[in-house]
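Numbers 1098 to 1262, taken from our numbering, label the letters of the sequence shown in order.
All C-beta atoms in this analysis are idealised placements derived from N, C-alpha and C, irrespective of residue type, glycine included.
Predicted model only: the values in this text are computed from it and were never measured.
One structure below.
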Amino acid sequence: MRIAILGDTHMPKGSRALPAHCLELIAASDLVVHTGDFTRREALELVAGIGPRLIAVHGNVDEPAIVERLPETATFDVAPGMHVVVIHDAGPSRGRLARLERRFPDAAAVVFGHSHMPLHERSPAGGFEIFNPGSPTERRRAPTRSMGTAEVDGGSISFRHVDLG
1098 MRIAILGDTH
1108 MPKGSRALPA
1118 HCLELIAASD
1128 LVVHTGDFTR
1138 REALELVAGI
1148 GPRLIAVHGN
1158 VDEPAIVERL
1168 PETATFDVAP
1178 GMHVVVIHDA
1188 GPSRGRLARL
1198 ERRFPDAAAV
1208 VFGHSHMPLH
1218 ERSPAGGFEI
1228 FNPGSPTERR
1238 RAPTRSMGTA
1248 EVDGGSISFR
1258 HVDLG
């Protein structure tokens, strides 16, 4: 299973658009995960309309129509007994990995957004990961615009960041 992961698209805003490579990765995926902050309904409809099944949560700047339509937290299975949690804001960076592992003890991973900063951390004990894809449209303090992908093979999931320039 191939998963495209993005968030913090903040669209429409000026001439902002999803980069072509982002659109290609979404179209080639079996599942799309969005970590919130579409901002407007048009952005949600754009991502949902590309084709693969969409798992998404609302963010802190999403318009009311999105907040009413999407949950604050979502969960999906990647293998029997192995699930991933999606949230928008994972809280302060200090202690984040341990805090999320305690909050979601049955999850294999938590995917989140909000900061626009790409991040991938693994629990020292193994078996738990957190992943922030960054933003494909608004890098803020991040070195580049980015998104993520994940590959599920049997009972494991592998995350990676994709630099979108």
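Boundaries for residue 1141: no beta strand (DSSP E) harbours it, while the alpha helix (DSSP H) harbouring it runs 1138-1146, taken from the DSSP string. Contact check between the stretch 1214-1221 and the stretch 1169-1183: fewer than three CB pairs, one atom from each, fall below 8 Å, which does not count as touching. According to the DSSP secondary-structure assignment, residue 1129 is paired through a beta bridge with 1101, 1151. By the C-beta criterion, the stretch 1151-1167 is judged to be in contact with the stretch 1127-1142, since at least 3 inter-stretch pairs fall below 8 Å. With distances taken between CA atoms, residue 1245 lies nearest to 1261 out of 1204, 1261, 1160, 1164. Straight through space, the alpha carbons of residue 1099 and residue 1145 are spaced by roughly 16 Å. Close CB contacts of residue 1211 within its chain, under the 6 Å cut and outside five residues either way in sequence, are with 1185, 1186 (chain order). Sequence-distant Cβ neighbours of residue 1115 in its own chain, meaning closer than 6 Å and more than five residues away, are 1233. Taking each of 1191, 1133, 1124, 1171 in turn and checking the Cα distance to residue 1106, the smallest one comes out for 1133.
Residue 1194: member of the alpha helix (DSSP H) spanning 1193-1200, first to last residue.
Our two residues, residue 1237 and residue 1135, have alpha carbons roughly 16 Å apart in a direct line. DSSP places residue 1207 inside the beta strand (DSSP E), whose first and last residues are 1204-1208. As far as DSSP is concerned, residue 1214 takes part in no beta bridge. Relative to residue 1216, the option among 1249, 1242, 1202 whose CA is nearest is 1242. About 5 Å separates the beta carbons of residue 1256 and residue 1228, which is inside the 8 Å limit, making them a contact pair. Contact between residue 1213 and residue 1195 does not hold, since the beta-carbon distance rounds to 23 Å and is not under 8 Å. Collapsing the DSSP output to three states places residue 1169 in coil.
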